[in-house]
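Enquirer: Let me begin by handing over the structure; questions about it come next.
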Amino acid sequence: MISIDNLSVEFSTRPLFRDVSYVINDRDRIALVGKNGAGKSTMLKIIAGLQQPTSGVVAVPRDTTIAYLPQVMELSDGRTVRQETELAFQHIHEMDLRLKQMNQQLAERTDYESEEYMQLVERFTHYNERFQMMGGLNYQGELERTLQGLGFLREDFDRPTSEFSGGWRMRIELAKLLLQHPDVLLLDEPTNHLDIESIQWLEQFLNTSANAVVLVSHDRAFINNVTNRTVEISCGRIYDYKVKYDEYVNLRVERREQQLRAYENQQKEIADIQAFIDRFRYQATKAIQVQSRIKQLEKIVPIEVDEVDNSALHLKFTCSQRSGDYPVICDEVSKDYGSHNVFHNVNLTIKRGEKVAFVGKNGEGKTTLVKCIEDSYNNPTPDGKGSGFYSGNLKVGHNVQIGYFAQNQAQLLNGELTVFDTVDYVAKGDIRLKIRDILGAFMFGGEASEKKVKFLSGGERTRLAMIKLLLEPVNCLILDEPTNHLDMRSKDILKEAIRDFDGTVIVVSHDRDFLDGLVTKVYEFGGGRVREHLGGIYDFLRSRQIENLNQLGSTGSPSASLATAQIKSDTKSASALSYEEQKALSRKQKKLEKAVQDAEERVSQLDAALKILENRMATPTGSTDMSLYEKHANLKKQLEEAESEWESAMMELEN
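The opening residue of the sequence shown carries number 7 in the working numbering; numbering runs sequentially from there.
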């Protein structure tokens, strides 16, 4: 479908990659992999036609459509979610206008027998057929299914986009691309701002409805579930593997081992031939054999071994000074945006040296509470009420110095400055003498330090923003989605640096692997509340009987906690009963607990089945399958019956 031929890109005479050639075929699912700065995002921009290569050609067939989702987007306000998403159907509106114009011409003209009139009729028929095939004006259903698949509620459709966080606004842009049904979909880190449910919906959409896909992602599960081909950019070259990512990792190791063995054997052969030539070069009786060996040596094609990029990030956060015992205390903190309540009556205390996680679905207030803490830090008041950004009391402790890494921190960098100048502007005192060393530790050594920020990849910008944070004297780190755009190796190094930091850390993240072994307390955001859970991320998940962070707020958990509270109450009252009465009460209680548990499991199973079915209905093929709607109605009825059974069991247990 798309042919990339001898592509080369250079920045300031430094080659990013050279002589790259490969083909993107219909139905290809390509994972573009490589370290941060290898050129993955640049490759997508070139394919999308947004950037020109130094040399080489990208051949795109005339009727092929390409849609591109960048890492960093410039978002505009002034529209509702529905209005913004409808921009994806601009081509339909234009075609509708063209059809109306032709229809008016047909109504006004009277030269029915003329050739021009017949040509107008043919054009109208052709356009009308295309208009109907593209969905005509019946696109609203598909629009709503796509937005719901990405996590939006119906009541969100008419809300202004300005009310949504950056992650939700990125989903709107993703919805616009998916609704265009392009021939080639280019996605640069599409999962950075999605929760697990939306990632699963996107996986299903790409597998069932998309044509060709080329994506960059550091979410291993996502690329394994979506892609069937892995293209690696390493040390300026391309390595094309027709397998999923996990298989590619194994094949890459095997390939290099084979290359090394072949290279060693060839070097031994060359050494033996050269030794023979050196030994008998001046003996007349061996002249013919020597010449034969020389020709043999000239014909040998050197075996190349893939280079291994061993550059690594060296990251260390230094705690500035000892803070007070309680860096952050929230007392009945609430936050509203107009009539919308984000959270209310939040009570939490974070002790010095603790490393805690804020988890929950997008839009539940994790970043908002971080901003409340930042407001109290920047606008301290004796009563802890801050500048009026929130209600309630929020106090930042004595001697606390906060270093804040925001979700959009990398986007706030000045694109016209060089990497060196960006750091030089914030460095103070003797540290300015060590800027080159610091940049080298962050893989910005040599010419890379003179590169302008606007030419950096998302991962490189994140690393640069981390440098600015490192130069601040802090003892409390607040990191909001710090792993976005970082490759897997850099994520591991960042995790180690946070673990070794002596100060207090608050991490907002959906990445279970990153949080595992890092945090000792989890604050769960959902339904306007913030709940505290002691232990690590997997302790929290086990306590909630869920497997991923998306299932927060599921139907089972509130009832489970209610049942537990009731059991404790019943157990306490049972202490005054006789032994036989206690046994009878215990048997009855266990029976009711089992009934509640069974009902909860059935509700959860039916709810999960309903969501899977709704995801199928959200696809273009599923939306026209009437059997799915019948199954949906049947499941809905079963779910209502199961919920009724659960309510009856709970009432009996309470009584």
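Glycine is no exception: its CB is placed at the ideal position from the N, C-alpha and C atoms.
Classify Leu-485 as buried or exposed, calling it buried when 16 or more other Cβ atoms lie within 10 Å of its own Cβ.
Expert: Here the question's residue 485 lines up with position 479 in the sequence shown. It counts as buried.
Enquirer: In angstroms with no decimal places, state the Cα-to-Cα distance between Thr-70 and Arg-88.
Expert: Here residue 70 refers to the residue found at position 64 when the sequence shown is read from its first residue. Here residue 88 refers to the residue found at position 82 when the sequence shown is read from its first residue. Those two C-alpha atoms are separated by around 27 Å.
Enquirer: Classify Met-494: buried if its beta carbon has 16 or more other beta carbons within 10 angstroms, exposed otherwise.
Expert: Within the sequence shown, residue 494 is the residue found at index 488, counting from 1. Exposed is the call here.
Enquirer: At what residues does the beta strand (DSSP E) containing Arg-235 begin and finish?
Expert: Position 229 of the sequence shown holds residue 235. Here the beta strand (DSSP E) through Arg-235 covers 235 to 240.
Enquirer: Tell me the rounded alpha-carbon separation between Val-352 and Val-365.
Expert: Indexing the sequence shown from 1 puts residue 352 at position 346. Indexing the sequence shown from 1 puts residue 365 at position 359. Distance between the alpha carbons of Val-352 and Val-365 is about 15 Å.
Enquirer: Less than 6 Å separating the Cβ of Gly-541 from some heavy atom of the ligand FMN?
Expert: Summarising the ligand content, the structure contains no ligands, and the ligand FMN is consequently not present.
Enquirer: Are the Cβ atoms of Val-525 and Ala-363 separated by less than 7 Å?
Expert: Taking the first residue of the sequence shown as position 1, residue 525 is located at position 519. Taking the first residue of the sequence shown as position 1, residue 363 is located at position 357. Result yes, Cβ atoms of Val-525 and Ala-363 sit closer than 7 Å.
Enquirer: Quick check on this structure: which residue in Met-49, Tyr-74 and Gln-77 has the alpha carbon closest to the alpha carbon of Ser-64?
Expert: Walking along the sequence shown from the start, residue 64 turns up at place 58. Ser is not the amino acid found at residue 64; the sequence shown has Val there. Closest option to Val-64, Cα to Cα, is Met-49.
Enquirer: Let me make sure I understand the geometry here. Which of Val-602, Leu-500, Ala-113 and Lys-372 has the alpha-carbon closest to that of Leu-475?
Expert: To locate residue 475, count along the sequence shown from 1; it is residue 469. Out of Val-602, Leu-500, Ala-113 and Lys-372, Leu-500 has the C-alpha closest to the C-alpha of Leu-475.
Enquirer: Could you give the DSSP three-state label for Arg-20: helix, strand or coil?
Expert: Taking the sequence shown and counting its residues from 1, the one referred to as residue 20 is at position 14. Arg-20: strand per DSSP, three-state reduction.
Enquirer: Give me the Cα-Cα distance between Ser-120 and Ile-98, rounded to the nearest whole angstrom.
Expert: Position 114 of the sequence shown, counting from 1, holds the residue named residue 120. Position 92 of the sequence shown, counting from 1, holds the residue named residue 98. Roughly 30 Å separates the two Cα atoms.
Enquirer: Have a look at Val-237 and Asp-252 and give me their C-alpha separation to the nearest angstrom.
Expert: The residue labelled residue 237 in the question sits at position 231 within the sequence shown. The residue labelled residue 252 in the question sits at position 246 within the sequence shown. The alpha-carbon atoms of Val-237 and Asp-252 are separated by roughly 13 Å.
Enquirer: Identify every run of the alpha helix (DSSP H) within the segment 83 to 160, keeping only runs that are complete inside it and at least 4 residues long; order them along the chain.
Expert: Entirely contained in the segment 83 to 160, the alpha helix (DSSP H) runs reaching 4 residues are, in chain order, 87 to 91, 96 to 114, 121 to 139 and 146 to 155.
Enquirer: Relative to the alpha-carbon of Ser-9, which residue among Arg-20, Gly-43, Ile-53 and Ala-44 has its alpha-carbon at the smallest distance?
Expert: Position 3 of the sequence shown, counted from the start, is the residue given in the question as residue 9. Per the Cα distances, Ile-53.
Enquirer: Using the rule of at least 16 other Cβ atoms within 10 Å of the residue's Cβ for burial, across every protein chain shown, is Tyr-529 buried or exposed?
Expert: Here residue 529 is taken as the residue at index 523 of the sequence shown, counted from 1. Burial call: buried.
Enquirer: Find the nearest neighbour of Val-609 within the set Leu-645, Lys-637, Leu-598 and Glu-599, judged by alpha-carbon distance.
Expert: On the sequence shown, position 603 is the one that residue 609 refers to. Of the candidates Leu-645, Lys-637, Leu-598 and Glu-599, the one whose C-alpha sits nearest the C-alpha of Val-609 is Leu-645.
Enquirer: Leaving out five residues before and five after Glu-16 in sequence, what residues of the same chain have Cβ atoms less than 7 Å from its Cβ?
Expert: Residue 16 sits at position 10 when you count from the first residue of the sequence shown. Around Glu-16: Leu-22 and Thr-60.
Enquirer: What does the alpha-carbon distance come out to for the pair His-187 and Ala-216?
Expert: Start at 1 with the first residue of the sequence shown, and residue 187 comes out as number 181. Start at 1 with the first residue of the sequence shown, and residue 216 comes out as number 210. Near 7 Å, if we compare the C-alpha coordinates of Ala-216 and His-187.
Enquirer: Between Leu-56 and Leu-183, is the Cβ-Cβ spacing less than 7 Å?
Expert: Walking along the sequence shown from the start, residue 56 turns up at place 50. Walking along the sequence shown from the start, residue 183 turns up at place 177. Their beta carbons are not under 7 Å apart, which means Leu-56 does not touch Leu-183 by this criterion.
Enquirer: Since Glu-456 and Thr-424 should fall inside the 8 Å C-beta cutoff, what is the C-beta to C-beta distance between them, to a whole number of angstroms?
Expert: What you label residue 456 is simply residue 450 of the sequence shown in a count that begins at 1. What you label residue 424 is simply residue 418 of the sequence shown in a count that begins at 1. The pair is a contact, with the Cβ atoms about 5 Å apart (cut-off 8 Å).
Enquirer: Taking only the alpha-carbon atoms, compute the straight-line gap between Glu-179 and Glu-148 and give it to the nearest angstrom.
Expert: Here residue 179 corresponds to residue number 173 of the sequence shown, with the count starting at 1. Here residue 148 corresponds to residue number 142 of the sequence shown, with the count starting at 1. Distance between the alpha carbons of Glu-179 and Glu-148 is about 15 Å.
Enquirer: DSSP three-state label for Ile-356, please.
Expert: Position 350 of the sequence shown, counted from the start, is the residue given in the question as residue 356. Looking at Ile-356 - three-state DSSP - the assignment turns out to be strand.
Enquirer: Is the beta carbon of Tyr-269 sitting closer than 7 Å to the one on Ile-309?
Expert: Indexing the sequence shown from 1 puts residue 269 at position 263. Indexing the sequence shown from 1 puts residue 309 at position 303. In this structure, Ile-309 lies closer than 7 Å to Tyr-269 by Cβ.
Enquirer: Where does the unbroken beta strand (DSSP E) through Gly-465 begin, and where does it stop?
Expert: As a position in the sequence shown, residue 465 is number 459, starting the count at 1. No beta strand (DSSP E) contains Gly-465, which is instead part of the alpha helix (DSSP H) from 464 to 476.
Enquirer: Classify Arg-258 as helix, strand or coil using the three-state DSSP reduction.
Expert: Indexing the sequence shown from 1 puts residue 258 at position 252. In this structure, Arg-258 counts as helix in the three-state DSSP scheme.
Enquirer: Measure the CB-CB distance between Ser-393 and Ser-47 and report whether it falls below 7 Å.
Expert: Locating residue 393 in the sequence shown gives position 387, counting from the first residue. Locating residue 47 in the sequence shown gives position 41, counting from the first residue. No; because the gap between Cβ atoms is not below 7 Å, this pair is not in contact.
Enquirer: Taking its Cβ as the centre, do 16 or more other Cβ atoms sit within 10 Å of Lys-372, making it buried, or is it exposed?
Expert: As a position in the sequence shown, residue 372 is number 366, starting the count at 1. Buried: at least 16 other Cβ atoms inside 10 Å.
Enquirer: What separation, rounded to the nearest whole angstrom, lies between the Cα atoms of Lys-642 and Gln-154?
Expert: Indexing the sequence shown from 1 puts residue 642 at position 636. Indexing the sequence shown from 1 puts residue 154 at position 148. Approximately 17 Å, taken between the alpha carbons.
Enquirer: When the distance is taken between beta carbons, is Arg-20 closer than 7 Å to Glu-453?
Expert: Locating residue 453 in the sequence shown gives position 447, counting from the first residue. Locating residue 20 in the sequence shown gives position 14, counting from the first residue. Contact flag set, yes.
Enquirer: How many angstroms separate the CA atom of Thr-197 from the CA atom of Asp-225?
Expert: Here residue 197 refers to the residue found at position 191 when the sequence shown is read from its first residue. Here residue 225 refers to the residue found at position 219 when the sequence shown is read from its first residue. Near 7 Å, if we compare the C-alpha coordinates of Asp-225 and Thr-197.
Enquirer: What's the call for Lys-274, buried or exposed, on a 16-neighbour Cβ count within 10 Å?
Expert: Against the sequence shown, residue 274 aligns to sequence position 268. It is exposed - the Cβ of Lys-274 has fewer than 16 other Cβ atoms within 10 Å.
Enquirer: Taking only three categories from DSSP, how would you classify Arg-35?
Expert: Within the sequence shown, the letter at position 29 stands for residue 35. In this structure, Arg-35 counts as strand in the three-state DSSP scheme.
Enquirer: Going by C-alpha distance, which of Ser-397, Val-311 and Arg-85 is nearest Leu-266?
Expert: In the sequence shown, counting from the first residue as 1, residue 266 sits at position 260. The candidate whose alpha carbon is nearest that of Leu-266 is Val-311.
Enquirer: For Pro-76, which beta-bridge partners are listed by DSSP?
Expert: Along the sequence shown, read from residue 1 onward, the residue named residue 76 stands at position 70. Note: Pro-76 sits in no beta bridge, so no partner.
Enquirer: Can you find the residues in the same chain that come closer than 6 Å, C-beta to C-beta, to Met-657, ignoring five residues on each side of it along the sequence?
Expert: Along the sequence shown, read from residue 1 onward, the residue named residue 657 stands at position 651. Cβ neighbours of Met-657 beyond the five flanking positions: none.
Enquirer: Looking at C-alpha atoms only, which residue of Asn-368, Asp-162 and Asp-545 is the closest neighbour of Glu-696?
Expert: In this structure the chain extends from 7 to 661, so residue 696 is not present and cannot be described.
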